[in-house]
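Structure first, commentary second.
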Amino acid sequence: NAGVMQNPRHLVRRRGQEARLRCSPMKGHSHVYWYRQLPEEGLKFMVYLQKENIIDESGMPKERFSAEFPKEGPSILRIQQVVRGDSAAYFCASSPDRDRTQYFGPGTRLLVL
Amino acid sequence: GENVEQHPSTLSVQEGDSAVIKCTYSDSASNYFPWYKQELGKGPQLIIDIRSNVGEKKDQRIAVTLNKTAKHFSLHITETQPEDSAVYFCAAYSGNTPLVFGKGTRLSVIA
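Protein chains in written order, with our numbering: chain P, 2 to 114; chain R, 705 to 815.
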């Protein structure tokens, strides 16, 4: 059973460009969570999705950030018009239901030049 | 909302010694407490978790204790090995709010 997959593992963007981060949950998991991690810091919750629905986006900036988890295909975290402050590691986790253990992917390291 | 404090931020131990990392939480409704290990350049890996109906859980060299009254929980690693060196994160979950993480403890095991 493959774990949580994320791609790309590394992404470099110039200020003003768009970043698209993908996450494929573990097989059988329909709940996906996105977290952001700054250097030397813990993980900060951004958004929680369940197939086709956003359940909780309380941690996601109101501007420029959006997330989706379509019926078919991976979950996408989209950052429009990136700024240097968006540089961070973005992790995706999945679980089979809301109250079960979350398993993390290897992350996407975004660098904005 | 929930707030999780983790101490110490860095910890160095000699190989074979024990390591203890402590976390406190603020939301008395929290009922699930996982611990994750993160190695350099990798994602967090679940190493042990505990639910609020249990006071202690052990898995080989790793154990977690929970004191609901005091709202704190601890990770204990015995007979540490160099491969235990990593950043460890505690987290708390209440079911009503997202998983909230501590800021991490960088553990170094010196051979």
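All residues carry an ideal CB built from backbone N, CA and C; glycine is no exception. Predicted model only: the values in this text are computed from it and were never measured.
Item, Value
"Opposing strand residues paired with H30 (chain P) [DSSP bridges]", "Partner(s): none; H30 (chain P) has no beta bridge."
"Cα-Cα separation between S96 (chain P) and G29 (chain P), rounded to whole angstroms", "8 angstroms"
"As assigned by DSSP and simplified to three states, the class of E787 (chain R)", "helix"
"Rounded distance between the beta-carbons of V768 (chain R) and K761 (chain R), thought under 8 angstroms", "5 angstroms"
"V33 (chain P) and S88 (chain P) closer than 8 angstroms at C-beta", "no"
"Presumed contact (8 angstroms Cβ cut-off) between F92 (chain P) and Y36 (chain P), rounded CB distance", "5 angstroms"
"Under 7 angstroms from the C-beta of Q103 (chain P): neighbouring residues of chain R", "L803"
"Exposure label - L712 (chain R); buried when at least 16 CB within 10 Å", "One detail in the question is off: residue 712 (chain R) reads as Pro in this sequence, not Leu. Exposed, because fewer than 16 other Cβ atoms sit within 10 Å of the Cβ of P712 (chain R)."
"Spatial distance of D721 (chain R) from Q742 (chain R) (CA atoms)", "20 angstroms"
"Members of the stretch 740 to 758 of chain R near chain P, C-beta cut-off 9 angstroms", "Y740, Q742, G745, K746, G747, P748, Q749, L750 and D753"
"Helix, strand or coil at D721 (chain R) according to DSSP, with G and I counted as helix", "coil"
"P71 (chain P): first and last residue of the uninterrupted beta strand (DSSP E) it sits in", "Premise fails: P71 (chain P) is in no beta strand (DSSP E) and is neither H nor E."
"E706 (chain R) vs S732 (chain R) beta-carbon contact at 8 angstroms", "no"
"C-alpha distance - E42 (chain P) paired with P738 (chain R), whole-angstrom precision", "17 angstroms"
"Euclidean distance between Cα positions of R10 (chain P) and V724 (chain R)", "32 angstroms"
"6 angstroms CB neighbourhood of L22 (chain P) in its chain, flanking five on each side removed", "L78, Y91 and T109"
"Pairwise C-alpha distance: V791 (chain R) and V83 (chain P)", "28 angstroms"
"K746 (chain R): CB within 7 angstroms of a non-hydrogen atom of the ligand ATP", "As for the ligand ATP, it is missing from this structure, which has no ligand bound."
"Rounded separation between P786 (chain R) and R810 (chain R) - CA only", "13 angstroms"
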